[in-house]
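Q:
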Amino acid sequence: MNCMSFRNLSHILITVFVSTLISFPNPVISENSILNSESLYRVFKIERELFKVLQERQKQLQDSLELIKEYTRDVESLYRNEGCWPLESCIESKIFEQIVGNPIYNYQVLRRLIVNWKNTEDSLKKIDIKQIMTDIKRLKKQNGGLPDGKDLQTAAKALNRIHKIYDINTTEFSNGNILGHQTSANLGLRDTLYLGRFAANTDYPGVALNWLNTAQSQANLHPNSSEEALKQVKLALRQVNRKLSKKPKSMGDKDPYILGAIPDKTEDPNLVISNTDRRNFEALCRGEKLISSFEESKLYCYYDNRGVFGLKLSPLKVEINHREPHLILTFHDLFTQSETHDLIESVRSDLTSAGVGTDKTISDMRISSHVWIPDGMLSIVDKISEKIENVIGLRSMAQLDPEAKKEEYEMLQVANYGLGGHYDCHHDSMFIYKEPQFIPKSVEETQSPYITGDRMSTFMIYLSDVQKGGNTAFPRLGVATSPRKGSAVFWHNIKRSGRSDMHMIHGACPVVMGSKWVANKWIREVANIFRRPCIKDIDH
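Note that the sequence shown covers residues -30 to -1, 1 to 510 in mature numbering (1 follows the signal peptide of the UniProt record, and there is no 0).
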């Protein structure tokens, strides 16, 4: 649904823990941090500085190379002219008779060694290799080192994920055409071959086949391509085709999408999300329409002042993305340009890699970086938290609750997603299969723990626009929201009966172009026991 009227009136992946309990230790930094926008910016920064170091020495190096070329050219010409090339095949008698016995050659050899070699040697001495290495070491130390092989693999994995989910033609991709946006970038034979082989080694033979076919086309189009490279492409293609011949057939693109299907309860975390969920998720990321036209016709936009005096003159612009009992709302233009900017700038330097679960395990399930900010630390955070509480009518800020206990309220989380940044399908509640009797207790207070409640609701703020990708998709409901700066999305993870709403499984689609910033505020049960009271109806 498109609420264009709201847009005319005025000018991140969800971060969650999917385990039974929660704590907030400092996350472990991993190679995944290379994909957040700030890390990538620093990578380009150090490359620019290295470029300057090399550029300063480039003329010296080029002058030396010209002298070296001249010297070696003259020596090679001499021996070639006398039929003594290659040097290893030249016999001593010929050297004595035809070269040593020639007065011109005698003069030239002395001239080369006394004049030419001295010029070459003096030129090389001017190149302070030690200083170059000192400058490079200094730059590496200042910027926390250079990326390594794991970072390259992470970036390759991100490109392969983007290709797979968005079904981008690899030939267009290699020519810099990204979902219809033509850029000046391109991927050469070396790149497409690497991406194809990497996909094959990480068990994505279909993705590998596409890259390797493109690599083969590139090799055939350029006669100067090395024979070895073409040989490697053909070998990799044979290996991938063998893998594909053994792979079982999956659901076809033309098979109908199934909504509302919830897998049987399982203790295996790998089976909580089904293949149907994943297929729906990828379709929603691509912008495909999964709900019926009838259901879509029931979705609409409206103005709402929420009974708050301050909103009467400037009411909320609300879009219903999905109806009750699985309500999803978008509040358009809720936060100002200055609010989103100030929040990002306040945390930009503090980002760390995002983990999954209570032990903060770094996983391919989630590629992002984040920071937690408690209420009362920054005025911009307090301003945003207070606005959230006024908008949704649920307690979300400890400072506004005189009887608040620390762990009844969560800190605001700000997350950044750069290259391929995503979060696979997941549920925001701490108990995946929550029942009314499952009520989390405080983690920090071990002597006399108190109940805190689960993550009843999610309020997610889009702090930036995203050029391509980055939707938030709900595969079991067949809807997705698009990132738009200043807007926020709200939903309940837990029914009023105290049970998990398993329809609210969701995920963040990979960022294709640009950078995605989001802020998350999770609303706990106990703090809102009177704001959203429990009911016995199992379906609500």
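Note that CB positions come from ideal geometry on N, CA and C, so glycine has one too.
With respect to the alpha helix (DSSP H) encompassing Y164, which residues constitute its N-terminal and C-terminal limits?
A: Looking at the DSSP string, the run of the alpha helix (DSSP H) that includes Y164 is L159 to N171.
Q: Buried or exposed for I358, going by 16 or more other Cβ atoms inside 10 Å?
A: Buried, since its Cβ has 16 or more Cβ neighbours within 10 Å.
Q: Please classify residue 516: is it buried, with 16 or more other beta-carbons within 10 angstroms of its beta-carbon, or exposed?
A: In the structure as shown, the chain begins at -30 and stops at 510. Residue 516 is therefore absent and cannot be evaluated.
Q: Please report the straight-line C-alpha distance between R466 and R502, rounded to a whole angstrom.
A: Spanning the two alpha carbons is a distance of roughly 7 Å.
Q: In whole angstroms, what separates the C-alpha of L157 from that of I354?
A: Distance between the alpha carbons of L157 and I354: 42 Å.
Q: With distances taken from CA atoms, which of M472, R12 and K88 is nearest G114?
A: Answer by Cα proximity: R12.
Q: Report the rounded CA-to-CA distance for D118 versus M426, giving the unit in angstroms.
A: Approximately 41 Å, taken between the alpha carbons.
Q: Might you give, ordered along the chain, the residues of its own chain that have their beta carbon closer than 8 Å to the beta carbon of K127, omitting 5 neighbours on each side?
A: F168, T172, D334 and G390.
Q: How would you label F460, buried or exposed, when you count the other beta carbons within 10 angstroms and need 16 or more for buried?
A: So F460 ends up on the buried side.
Q: Per DSSP, which one or two residues make a beta bridge with T442?
A: DSSP output for T442 lists T451 and A478 as bridge partner(s).
Q: By Cβ distance, which residues of its chain are closer than 6 Å to N364, with the 5 residues on each side in sequence left out?
A: For clarity, residue 364 is Leu in the given sequence; the question names Asn instead. Counting only Cβ-Cβ distances below 6 Å, and skipping sequence neighbours, we find I493, N498 and R501.
Q: Report the residue ranges of all alpha helix (DSSP H) runs contained in full by the segment 224 to 263; include only those spanning at least 4 residues, in chain order.
A: Correct list: 245 to 255.
Q: Out of curiosity, what's the CA-to-CA distance linking H462 and W342?
A: H462 and W342: Cα-Cα distance of roughly 21 Å.
Q: Measure from the alpha carbon of L200 to the alpha carbon of each residue in V210, L182 and S338, then state which is nearest.
A: Looking at the Cα atoms, L182 is the closest of the given residues.
Q: Applying the criterion that 16 or more other CB atoms from any shown protein chain within 10 Å of the CB defines a buried residue, is Q186 buried or exposed?
A: Its Cβ being crowded by 16 or more others within 10 Å, Q186 is buried.
Q: Can you tell which of D394, Q68, D345 and A170 has the C-alpha that lies nearest to the C-alpha of L370?
A: For L370, the nearest C-alpha among the options comes from D345.
Q: Please report how far the alpha carbon of K67 lies from the alpha carbon of N86, in whole angstroms.
A: Per the sequence presented here, residue 67 reads as Glu, with Lys not at that position. Each residue's alpha carbon lies about 25 Å from the other.
Q: Have a look at the DSSP bridge pairing and note the partners of E198.
A: Per DSSP, none; premise fails for E198.
Q: Are M483 and G439 closer than 8 Å when you measure CB to CB?
A: Yes, the Cβ-Cβ distance between M483 and G439 is below 8 Å.
Q: Buried or exposed for G388, going by 16 or more other Cβ atoms inside 10 Å?
A: When all chains shown are included, G388 counts as buried.
Q: Using 8 Å for Cβ pairs, my map puts C479 next to P445. What's the rounded Cβ distance?
A: Incorrect: roughly 11 Å between the Cβ atoms, too far for contact.
Q: Determine the direct distance from the alpha carbon of Y174 to that of G230, and round the result to whole angstroms.
A: For G230 and Y174, the distance between alpha carbons rounds to 28 Å.
Q: Measure the alpha-carbon distance for Q437 versus D44 and round it to whole angstroms.
A: Using only the alpha carbons, I get a separation of about 57 Å.
Q: To the nearest angstrom, how far is the alpha carbon of N429 from that of F14?
A: Per the sequence presented here, residue 429 reads as Phe, with Asn not at that position. If you take the alpha carbons of F429 and F14, they lie about 34 Å apart.
Q: Within the same chain, show all residues whose beta-carbon is closer than 8 Å to that of R82, passing over the 5 residues directly before and after it, in chain order.
A: The residues are Y41, D44 and V45.
Q: Does DSSP classify W492 as helix, strand or coil?
A: In this structure, W492 counts as strand in the three-state DSSP scheme.
Q: Considering only residues of the segment 349 to 437, which uninterrupted beta strand (DSSP E) runs meet the minimum length of 3 residues and lie entirely inside it, listed in chain order?
A: List check, beta strand (DSSP E) in window: 382 to 387, 392 to 396 and 425 to 432.
Q: Within the same chain, show all residues whose beta-carbon is closer than 8 Å to that of D507, passing over the 5 residues directly before and after it, in chain order.
A: Same-chain partners within the cutoff: R466 and S467.
Q: Tell me the rounded alpha-carbon separation between L10 and L24.
A: Looking at the two C-alpha atoms, the distance is approximately 21 Å.
Q: Going straight from the alpha carbon of S154 to that of H476, what length do you get?
A: Cα to Cα, the separation comes out at about 34 Å.
Q: Going along the chain, which residues of its own chain have a beta-carbon closer than 7 Å to the beta-carbon of G146, five neighbours each way excluded?
A: Result list for G146: Q152, T153, S154, A155 and N156, in chain order.
Q: Please state whether the Cβ-Cβ distance between S452 and N386 is less than 8 Å.
A: Result no, Cβ atoms of S452 and N386 do not sit closer than 8 Å.
Q: Pick from S59, V351 and I84: whose alpha carbon is nearest that of A489?
A: Checking every option, the nearest Cα to that of A489 belongs to V351.
Q: Chain D beta carbons: is any one of them nearer than 8 Å to that of P73?
A: The structure shown has no chain D; it contains just one protein chain.
Q: Based on DSSP bridge pairs, tell me the residues matched to residue 511.
A: The question about residue 511 has no answer here: the residues shown for the chain are numbered -30 through 510.
Q: May I ask you to report which of helix, strand or coil DSSP gives I314?
A: The answer is helix: DSSP assigns I314 an H, G or I state.
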